[in-house]
Amino acid sequence: MTSPPAFSLAAYAVHLAGPTDFDGWRDTARRLVSNEVRPEDIEWHVGGKATELPAPVPAVELKVSRDFIDRAAIVTCHSDSERFALLYRMLWRQRSEPHLLHIASDPDVRRFEAMEKAVRRDEHKMHAFVRFRKIGDDERFVAWFEPEHFIVELAAPFFVRRFTGMHWAILTPHGSAEWDRERLALGPGASKDDAPTADPSEEMWRTYFTSIFNPARLKVKAMQSEMPKKYWRNLPEASLIPGLISGADQAAREMIARMPTMPAPHHQAIQAKHWPAAKQQAAALAQSIDALRQKASQCRRCPLWSEATQTVFGEGPDDAELMFVGEQPGDQEDLQGRPFVGPAGKIFDAVLGEAGIDRTAVYVTNAVKHFKFEPRGKRRIHIKPNAGEVQACRWWLAQELKLVEPRLVVALGATAAQSLLDAPVAITRQRGQTIMREDDLAVFLTIHPSYILRISDPQDAAAERARFAEDIRAVRAMMAA
128 MTSPPAFSLA AYAVHLAGPT DFDGWRDTAR RLVSNEVRPE DIEWHVGGKA TELPAPVPAV
188 ELKVSRDFID RAAIVTCHSD SERFALLYRM LWRQRSEPHL LHIASDPDVR RFEAMEKAVR
248 RDEHKMHAFV RFRKIGDDER FVAWFEPEHF IVELAAPFFV RRFTGMHWAI LTPHGSAEWD
308 RERLALGPGA SKDDAPTADP SEEMWRTYFT SIFNPARLKV KAMQSEMPKK YWRNLPEASL
368 IPGLISGADQ AAREMIARMP TMPAPHHQAI QAKHWPAAKQ QAAALAQSID ALRQKASQCR
428 RCPLWSEATQ TVFGEGPDDA ELMFVGEQPG DQEDLQGRPF VGPAGKIFDA VLGEAGIDRT
488 AVYVTNAVKH FKFEPRGKRR IHIKPNAGEV QACRWWLAQE LKLVEPRLVV ALGATAAQSL
548 LDAPVAITRQ RGQTIMREDD LAVFLTIHPS YILRISDPQD AAAERARFAE DIRAVRAMMA
608 A
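Residue numbers (the numbering used here): 128 to 608.
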């Protein structure tokens with residue numbers, strides 16, 4: 128079929144090589160956009176006769192962010208038949224809307240993000256729930272898995288890294304992958320009948336699953352959220368779950384009745400080395416911010432103190448109605464002993480000023496009080512604090528909140544939000560929301576200003592700064608209400 132000229136309203140029928148043919152989509156989309164072919168004039172298909180397309184127009188330069196390209200490759204793995212049409216429509220729109228991905232309320236963006244999240248979740252479940260079964264006597268292993276989306280090629284490298292020394296194959300209805308200890312080969316979909324049905328080692332797996340089950344911490348809804356029932360039919364341990372649930376209450380009572388066990392000696396040694404004063408500090412509640420700051424200067428609740436210059440405690444009025452919480456001190460903060468005085472702090476101060484908020488009237492602190500870094504030449508490069516370090520420092524933040532008693536707390540970034548809410552938070556999806564804690568403290572979620580500094584494209588950075596300024600203006604409006 129000969130394609131109509133670019134100005135024709137007739138539809139182009141594009142036939143891609145396969146369900147995850149992102150390279151084919153990208154090359155075709157680039158050519159169609161350069162010829163001004165509108166999204167509604169294209170039909171996207173998988174398989175079939177190769178498409179004859181108009182020649183690209185060299186004069187047309189199409190620029191989209193690397194973020195969109197990387198995420199579009201993920202969305203290509205979704206099973207929605209309209210995925211390629213959605214991606215082309217978003218590509219088309221970004222010619223005149225370069226910051227489209229930042230408009231969270233846009234229907235196309237919402238659908239794009241939902242599809243990306245679904246693929247990522249499916250990939251995560253594949254990593255967690257693939258169970259290999261041994262076949263023959265030559266150390267070969269085969270697994271059967273039923274994903275919702277076309278994720279075999281996306282997920283296979285994880286298994287190569289984890290089981291490099293094994294000869295394995297993963298079979299799914301959408302495709303297959305085989306690793307022979309040297310080369311990864313992708314193949315067509317398979318049937319469950321092609322996979323082995325049992326393995327003598329599965330009894331050991333069931334024994335392990337039973338031994339790690341803690342009836343006192345059973346949360347059925349949370350368990351089914353992480354391990355949906357649709358995966359149970361292919362998990363050897365799943366047959367044990369109903370019995371473990373039904374017997375959990377009795378097992379928990381038996382655990383309580385037993386004598387306590389002493390911690391392992393090496394655990395005691397670690398605690399003695401790194402957290403010798405934790406219990407004493409936890410019992411000593413200061414009566415003022417100044418007294419708390421003095422106590423924090425001697426903090427040994429986690430190992431970060433040993434490499435940092437000093438504790439960087441919060442600053443501001445001890446009766447401030449508005450509190451800002453960041454992640455941790457940076458290089459300049461560590462040297463000066465004050466929060467938000469480095470490059471991110473300059474953005475923070477400027478945006479506060481634009482929003483009409485006086486920094487000297489608010490309390491500013493961090494979730495973690497010591498600078499975590501790795502030396503690189505003469506520079507000290509920031510490292511994100513881990514969950515244990517955030518948890519260790521939550522005690523100090525809790526005391527700051529108790530003494531200052533702010534009306535509103537602004538969480539600057541995911542680490543601050545996690546510390547304040549004691550749960551993981553996806554800032555990109557929950558940004559701009561106000562979440563009420565059980566103690567009725569309002570927590571407003573936004574980015575950390577350092578995120579703006581990490582954006583290489585000047586236009587994208589300017590757009591992100593403008594969004595951050597909008598968030599801070601929203602905070603000011605909430606305080607004025």
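Ideal Cβ positions, reconstructed from N, Cα and C, are used throughout, including at glycine.
Check each candidate in Thr203, Thr147, Tyr215 and Ala200 and name the one with the smallest Cα separation from Ile169.
Here residue 169 corresponds to residue number 42 of the sequence shown, with the count starting at 1. Residue nearest to Ile169 within the set Thr203, Thr147, Tyr215 and Ala200 is Tyr215 (criterion: CA-CA distance).
The beta strand (DSSP E) enclosing Gly302, as first and last residue numbers
Along the sequence shown, one-based indexing puts residue 302 at 175. Element bounds for Gly302: Gly302 to Trp306.
Using CA atoms only, rank isn't needed, just tell me which of Pro166, His497, Asp458 and Phe440 is closest to Lys505.
Locating residue 505 in the sequence shown gives position 378, counting from the first residue. Among Pro166, His497, Asp458 and Phe440, the Cα nearest to that of Lys505 is on Asp458.
Within a Cβ cutoff of 7 Å, which residues of the same chain sit near Gln557, ignoring the five residues on either side of it in sequence?
As a first step, residue 557 must be located in the sequence shown, where it is residue number 430. Cβ neighbours of Gln557 beyond the five flanking positions: Leu572.
Endpoints, beta strand (DSSP E) assigned at Glu167
In the sequence shown, residue 167 corresponds to position 40, counting from 1. Glu167 -> no beta strand (DSSP E), and no H or E assigned at all.
Under 8 Å between C-beta atoms of Trp219 and Val160
Indexing the sequence shown from 1 puts residue 219 at position 92. Indexing the sequence shown from 1 puts residue 160 at position 33. Yes, these two residues count as a Cβ contact at 8 Å.
Ala494 and Cys520 - do their beta-carbons sit closer together than 8 Å?
For this step, residue 520 is matched to residue 393 along the sequence shown. For this step, residue 494 is matched to residue 367 along the sequence shown. Yes, they are a contact pair.
The alpha helix (DSSP H) with Arg267 in it runs from where to where?
Counting from one through the sequence shown, the residue named residue 267 turns up at place 140. First-last for Arg267: Arg267 to Trp271, but that is the beta strand (DSSP E), not the alpha helix (DSSP H).
Just to confirm, are Phe595 and Ile582 a CB contact at a threshold of 8 Å?
Here residue 595 refers to the residue found at position 468 when the sequence shown is read from its first residue. Here residue 582 refers to the residue found at position 455 when the sequence shown is read from its first residue. No, Cβ-Cβ distance for Phe595 and Ile582 is not below 8 Å.
Quick check: what's the CA-CA separation for Glu275 versus Thr155?
Here the question's residue 275 lines up with position 148 in the sequence shown. Here the question's residue 155 lines up with position 28 in the sequence shown. Looking at the two C-alpha atoms, the distance is approximately 26 Å.
Have a look at Ala322 and Arg289 and give me their C-alpha separation to the nearest angstrom.
Along the sequence shown, read from residue 1 onward, the residue named residue 322 stands at position 195. Along the sequence shown, read from residue 1 onward, the residue named residue 289 stands at position 162. One C-alpha to the other measures close to 21 Å.
Could you name the residues that DSSP lists as bridge partners for Lys261?
Here residue 261 corresponds to residue number 134 of the sequence shown, with the count starting at 1. Per DSSP, Phe268.
Output the boundary residues of the beta strand (DSSP E) element that contains Pro502.
Working through the sequence shown from its first residue, we reach residue 502 at position 375. Segment Phe500 to Arg503, the beta strand (DSSP E) holding Pro502.
Run through DSSP, which three-state label would Val452 get?
Looking up residue 452 in the sequence shown gives position 325. Reduced to three states, the DSSP call for Val452 is strand.
Could you tell me whether the stretch 518-535 touches the stretch 479-487, where touching means 3 or more Cβ pairs closer than 8 Å?
no
I think Cys204 touches Ile297, with their Cβ atoms under 8 Å apart; what is that distance to the nearest whole Å?
As a working note, residue 204 is residue 77 in the sequence shown. As a working note, residue 297 is residue 170 in the sequence shown. The Cβ separation is near 15 Å, so there is no contact.
For Ala405, the three-state DSSP class (helix, strand or coil):
Within the sequence shown, residue 405 is the residue found at index 278, counting from 1. Caution is warranted here: a pLDDT of 47 is assigned to Ala405, below 50, making its placement in the model unreliable, and no coordinate value can be reported.
Going by Cα to Cα distance, which pick from Arg193, Arg157, Asp194 and Ser206 is closest to Pro146?
Here residue 146 refers to the residue found at position 19 when the sequence shown is read from its first residue. Nearest option by C-alpha distance: Ser206.
Distance, Lys422 Cα to Val517 Cα:
Looking up residue 517 in the sequence shown gives position 390. Looking up residue 422 in the sequence shown gives position 295. Approximately 18 Å between the Cα atoms of the pair.
Take Ala405 and list the residues in its own chain whose beta-carbon comes closer than 7 Å to its own, dropping the five residues that flank it on each side.
In the sequence shown, residue 405 corresponds to position 278, counting from 1. Residue confidence for Ala405 is low, a pLDDT of 47 falling below 50, so the modelled location carries little weight and cannot support an answer.
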